[in-house]
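S.K.: One structure is given below, represented as structure tokens, and several questions about it will come after.
There are 2 protein chains.
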Amino acid sequence: MADADSENTGIAGQDWATASAQPQYHAAVVDLLGALAYGELAAFERLAEDAKLAPSLADKAALARMASAEFHHFEQLDQRLLEIDAHPTEAMEPFAKALDEFHRQTAPSDWLEGLVKAYVGDSIASDFYREVAARLDTDTRALVLAVLDDTGHGNFAVEKVRAAIEADPRVGGRLALWARRLMGEALSQAQRVVADRDALSTMLVGGVADGFDLAEVGRMFSRITEAHTKRMAALGLAA
Amino acid sequence: MADADSENTGIAGQDWATASAQPQYHAAVVDLLGALAYGELAAFERLAEDAKLAPSLADKAALARMASAEFHHFEQLDQRLLEIDAHPTEAMEPFAKALDEFHRQTAPSDWLEGLVKAYVGDSIASDFYREVAARLDTDTRALVLAVLDDTGHGNFAVEKVRAAIEADPRVGGRLALWARRLMGEALSQAQRVVADRDALSTMLVGGVADGFDLAEVGRMFSRITEAHTKRMAALGLAA
Chain A
1 MADADSENTG
11 IAGQDWATAS
21 AQPQYHAAVV
31 DLLGALAYGE
41 LAAFERLAED
51 AKLAPSLADK
61 AALARMASAE
71 FHHFEQLDQR
81 LLEIDAHPTE
91 AMEPFAKALD
101 EFHRQTAPSD
111 WLEGLVKAYV
121 GDSIASDFYR
131 EVAARLDTDT
141 RALVLAVLDD
151 TGHGNFAVEK
161 VRAAIEADPR
171 VGGRLALWAR
181 RLMGEALSQA
191 QRVVADRDAL
201 STMLVGGVAD
211 GFDLAEVGRM
221 FSRITEAHTK
231 RMAALGLAA
Chain B
1 MADADSENTG
11 IAGQDWATAS
21 AQPQYHAAVV
31 DLLGALAYGE
41 LAAFERLAED
51 AKLAPSLADK
61 AALARMASAE
71 FHHFEQLDQR
81 LLEIDAHPTE
91 AMEPFAKALD
101 EFHRQTAPSD
111 WLEGLVKAYV
121 GDSIASDFYR
131 EVAARLDTDT
141 RALVLAVLDD
151 TGHGNFAVEK
161 VRAAIEADPR
171 VGGRLALWAR
181 RLMGEALSQA
191 QRVVADRDAL
201 STMLVGGVAD
211 GFDLAEVGRM
221 FSRITEAHTK
231 RMAALGLAA
């Protein structure tokens, strides 16, 4: 997907020991892992919260299982931040506000909205981190791809949402609007983070060594938006 | 502590294959594991909920870690229920109402109340299940003791609550009242469960083979209450 970028930067062919000699790259990775770690912790909280809306004990247990999987991803990131001599809570702190604000602005009002939110949110975050992973050193890339490993949430959400729309097609209209609101709010918070975090932004747009490449960022956002549209269609929702 | 009981029943010397030949014992164990499993799921939810009240990111992560540990206990119980041909959600269902009602009646209004509740609740539940474990067949006992393994919550709560009382002694009075309310509500819900579930109650009061032994139940409740009083004193609270 973003293979072209990895060739651009040179970082993608290096391991952490070599790549992290560049202080700007080191700072960018701490930022990235901090953002990802806080995202996992927030996902844990969100799924645990949604578990309370579950219509059955089996659904509740399924959501608790996914929450717990997110927590284990968080633990791996937390551990890695310690290994590279970063302070995990300090690394997460800069991203807490934007993510909390996103979750505050998009509190689901029922079980289905919660499922759509978790699905849309996880998928967009996952697409984004996969794009970023291609620009990372080999060690950091392996970790990022490992914590993006599917927690099974996607299939669960798709199955439940499709069944609900089949049972009552009007539900589809309401959830399509909801998914659009989620995408809008996610983009607006992402812009805020990118504007605030120089090291991270510089890495995202073409790699530390190559400076800004706004055209490539534009293409990345197009790819993520396209994938979102396809997923919504698969769910039975017009994006 | 309850070694005398294990000698009474004979069950405590048997493995599951032998002991479960008695249908009443089989039913009692399904009840017990169902209650324990729902308790772990509810504990997961409660800790995840309390994580939102955490005053710092490090505290939030600590609570999420404990919640995740409770979920893994739940998974072991869920797995065991399947192994003994029980339906996990059906086994949990009879206990959901009492536990949900307990949590509804005792929603903490701040971080410290949440910590005291988790500590008091976990400790009482743990004391109770340890008493019961002594009456169980060897296989079920090993599982019950394994899932009672400390999730580290106790020490964490004690440390934080003691520090808060040292910083402001008036906090102690408020939390002591809160702990008394928790104990009262726990006992009232426990009575309701015992009244509803014949197989479980029969096992609790002296073992299936030996019929009711109310004096022993009385002693068990005294031991649990005494241990609670000691813990509250250690926390700096008058019970």
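Order-wise, the sequence lines are chains A and B.
Start counting the first sequence at 1; every next residue gets the next number (the UniProt record's numbering).
Start counting the second sequence at 1; every next residue gets the next number (the UniProt record's numbering).
We put the beta carbon where it would ideally sit given N, CA and C, even for glycine.
Note that the structure is a prediction, hence the values are computed from the model and not measured.
Excluding the five sequence neighbours on either side, which residues of its own chain have a C-beta within less than 8 Å of the C-beta of A/Glu112, listed in chain order?
M.R.: The residue you call residue 112 of chain A lines up with position 112 of the first sequence. A small fix is needed here, since residue 112 of chain A is Leu in this sequence, not Glu. Excluding sequence neighbours, A/Leu112 sits near Lys160, Val161, Ala164, Val171 and Leu175.
S.K.: List the residues of chain B that A/Met92 touches, going by C-beta distances under 8 Å, in chain order.
M.R.: Along the first sequence, one-based indexing puts residue 92 of chain A at 92. Ordered by position in chain B, the residues that pass the 8 Å Cβ test against A/Met92 are Leu57.
S.K.: How would you call A/Met1, buried or exposed, if buried means at least 16 neighbouring beta carbons within 10 angstroms?
M.R.: Translated into the one-based positions of the first sequence, residue 1 of chain A becomes position 1. Its pLDDT being 43, under 50, A/Met1 is placed unreliably in this model, and the coordinates cannot settle the point.
S.K.: Examine the Cβ distances between the segment 107-126 of chain B and the segment 36-53 of chain B and report whether three or more of them are shorter than 8 Å.
M.R.: yes
S.K.: Can you give me, in chain order, the residues of the segment 65-78 of chain A that have a beta carbon less than 8 Å from any beta carbon in chain B?
M.R.: Arg65, Ala67, Ser68, Phe71, His72, Phe74, Glu75 and Asp78
S.K.: Residue range of the alpha helix (DSSP H) that B/Gln79 falls in?
M.R.: Counted from its first residue, the second sequence places residue 79 of chain B at position 79. Run containing B/Gln79: Leu57 to Glu83, per the alpha helix (DSSP H) assignment.
S.K.: May I have the straight-line CA-CA distance separating B/Phe71 from A/Val30, to the nearest angstrom?
M.R.: The residue you call residue 71 of chain B lines up with position 71 of the second sequence. The residue you call residue 30 of chain A lines up with position 30 of the first sequence. Approximately 30 Å between the Cα atoms of the pair.
S.K.: What are the start and end residues of each continuous alpha helix (DSSP H) run of 4 or more residues lying completely inside the segment 78-118 of chain A, in chain order?
M.R.: 88-105
S.K.: On the CB-based measure, 16 or more other CB atoms within 10 Å of its CB, does A/Arg231 come out buried or exposed?
M.R.: Along the first sequence, read from residue 1 onward, the residue named residue 231 of chain A stands at position 231. Classification for A/Arg231: buried.
S.K.: How would you call A/Arg173, buried or exposed, if buried means at least 16 neighbouring beta carbons within 10 angstroms?
M.R.: Mapped onto the first sequence, residue 173 of chain A falls at position 173. A small fix is needed here, since residue 173 of chain A is Gly in this sequence, not Arg. So A/Gly173 counts as exposed.
S.K.: Could I get the ranges of all uninterrupted beta strand (DSSP E) runs contained in the segment 130-214 of chain B, with 3 residues as the minimum, in chain order?
M.R.: none
S.K.: Measuring alpha carbon to alpha carbon, tell me which of B/Asp59, B/Asp15, B/Leu57 and B/Asp78 ends up nearest B/Leu41.
M.R.: One-based indexing of the second sequence puts residue 41 of chain B at position 41. Ranking the options by Cα distance to B/Leu41, first place goes to B/Asp78.
S.K.: Assign B/Asp137 to one of two classes, buried (16 or more other C-beta atoms within 10 Å of its C-beta) or exposed (fewer than that).
M.R.: Residue numbering aside, residue 137 of chain B sits at position 137 when the second sequence is read from its first letter. Buried is the call here.
S.K.: What would DSSP say about A/Ala51, mapped onto helix, strand or coil?
M.R.: Within the first sequence, the letter at position 51 stands for residue 51 of chain A. A/Ala51 falls in the helix class under three-state DSSP.
S.K.: Taking the continuous alpha helix (DSSP H) assigned at A/Ala17, which residues delimit it?
M.R.: In the first sequence, residue 17 of chain A corresponds to position 17, counting from 1. Residues Trp16 to Ala19.
S.K.: Measure from the C-beta of B/Thr106 to each C-beta in chain A and report whether the shortest distance is under 9 Å.
M.R.: In the second sequence, residue 106 of chain B corresponds to position 106, counting from 1. False, the Cβ-Cβ gap to chain A never drops below 9 Å.
S.K.: I need the DSSP call for B/Gly236, collapsed to helix, strand or coil.
M.R.: Here the question's residue 236 of chain B lines up with position 236 in the second sequence. In this structure, B/Gly236 counts as coil in the three-state DSSP scheme.
S.K.: Kindly list, in the order they appear in chain B, the residues whose Cβ is closer than 8 Å to that of A/Leu115.
M.R.: Indexing the first sequence from 1 puts residue 115 of chain A at position 115. Those do not exist, as A/Leu115 stays about 17 Å from chain B at its closest Cβ, beyond 8 Å.
S.K.: Take A/Leu63 and list the residues in its own chain whose beta-carbon comes closer than 7 Å to its own, dropping the five residues that flank it on each side.
M.R.: Here residue 63 of chain A refers to the residue found at position 63 of the first sequence. Here the set comprises Leu47, Asp50, Ala51 and Ala54.
S.K.: State yes or no: is the beta carbon of A/Tyr38 nearer than 9 Å to at least one beta carbon in chain B?
M.R.: Walking along the first sequence from the start, residue 38 of chain A turns up at place 38. For A/Tyr38, the answer is yes, since a Cβ of chain B falls inside 9 Å of its Cβ.
S.K.: Taking 8 Å as the cut-off, is the CB of B/Ala91 close to at least one heavy atom of the ligand NAD?
M.R.: Among the components of this structure there are no ligands whatsoever, and the ligand NAD is therefore not found.
S.K.: Starting from the Cα of B/Met183, find the closest Cα among B/Ala12, B/Ile224 and B/Ile11 and give me that residue.
M.R.: Taking the second sequence and counting its residues from 1, the one referred to as residue 183 of chain B is at position 183. Closest by alpha carbon: B/Ile224.
S.K.: Exposed or buried, which one is A/Gln191 when buried takes at least 16 other CB atoms within 10 Å?
M.R.: Sequence index remark: in the first sequence, residue 191 of chain A carries index 191 (1-based). It counts as exposed.
S.K.: Once you ignore the five residues that flank A/Arg181 on each side, which residues in its own chain have a CB closer than 8 Å to its CB?
M.R.: Taking the first residue of the first sequence as 1, we reach residue 181 of chain A at position 181. Taken in chain order, the residues that qualify are Thr106.
S.K.: Among B/Gly236, B/Leu36 and B/Ala96, which has the Cα closest to the Cα of B/Ala167?
M.R.: Reading the second sequence from its first residue, position 167 is the one you call residue 167 of chain B. Among B/Gly236, B/Leu36 and B/Ala96, the Cα nearest to that of B/Ala167 belongs to B/Gly236.
S.K.: Relative to the C-alpha of B/Lys60, which residue among A/Leu57, A/Arg80 and A/Pro88 is closest?
M.R.: For the purposes of this step, residue 60 of chain B is identified with residue 60 of the second sequence, where counting begins at 1. For B/Lys60, the nearest C-alpha among the options comes from A/Pro88.
S.K.: Starting from the C-beta of A/Leu200, find all residues in its chain whose C-beta is less than 8 Å away, skip the five residues before and the five after it, and write them out in chain order.
M.R.: Stepping through the first sequence from its first residue, residue 200 of chain A is reached at position 200. Excluding positions up to five away in sequence, the list reads Ala28, Asp31, Leu32, Ala35, Val193 and Val194.
S.K.: Which whole-angstrom value describes the C-beta separation of B/Ala125 and B/Gly39, a residue pair presumed to lie in contact below a C-beta threshold of 8 Å?
M.R.: Here residue 125 of chain B refers to the residue found at position 125 of the second sequence. Here residue 39 of chain B refers to the residue found at position 39 of the second sequence. About 6 Å separates the two Cβ atoms, so the contact holds.
S.K.: Taking only three categories from DSSP, how would you classify A/Gly10?
M.R.: Taking the first sequence and counting its residues from 1, the one referred to as residue 10 of chain A is at position 10. Here A/Gly10 sits in coil by DSSP.
S.K.: Between A/Ser123 and the rest of its own chain, which residues show a CB-CB distance below 8 Å, the 5 nearest in sequence each way excluded?
M.R.: For the purposes of this step, residue 123 of chain A is taken as residue 123 along the first sequence, with counting starting at 1. In the same chain as A/Ser123, and ignoring 5 residues on each side of it, the C-beta atoms closer than 8 Å to its own belong to Gly154, Ala227, His228 and Arg231, in chain order.
S.K.: For A/Ser68, I'd like the list of residues in its chain whose CB is within less than 6 Å of its CB, leaving aside the five on either flank, ordered along the chain.
M.R.: Against the first sequence, residue 68 of chain A aligns to sequence position 68. Closer than 6 Å at Cβ, skipping near neighbours: no residue.
S.K.: Closest to B/Trp178 by CA distance: which of B/Ser109, B/Asp15 and B/Asp198 is it?
M.R.: Numbered from 1 along the second sequence, position 178 holds the residue referred to as residue 178 of chain B. The shortest Cα separation from B/Trp178 among B/Ser109, B/Asp15 and B/Asp198 belongs to B/Ser109.
S.K.: State the DSSP-derived secondary structure class of A/Phe221, mapped to helix, strand or coil.
M.R.: Counted from its first residue, the first sequence places residue 221 of chain A at position 221. Note: A/Phe221 maps to helix in three-state DSSP.
S.K.: Could you check how far apart the C-beta atoms of A/Leu81 and A/Ala91 are, in whole angstroms? I think they sit under 8 Å.
M.R.: What you label residue 81 of chain A is simply residue 81 of the first sequence in a count that begins at 1. What you label residue 91 of chain A is simply residue 91 of the first sequence in a count that begins at 1. About 5 Å; that satisfies the 8 Å criterion.
S.K.: Pick out whichever of B/Arg135, B/Ala186, B/Leu145 and B/Ala58 has its Cα sitting closest to the Cα of B/Glu216.
M.R.: Taking the second sequence and counting its residues from 1, the one referred to as residue 216 of chain B is at position 216. Nearest C-alpha to B/Glu216: B/Arg135.
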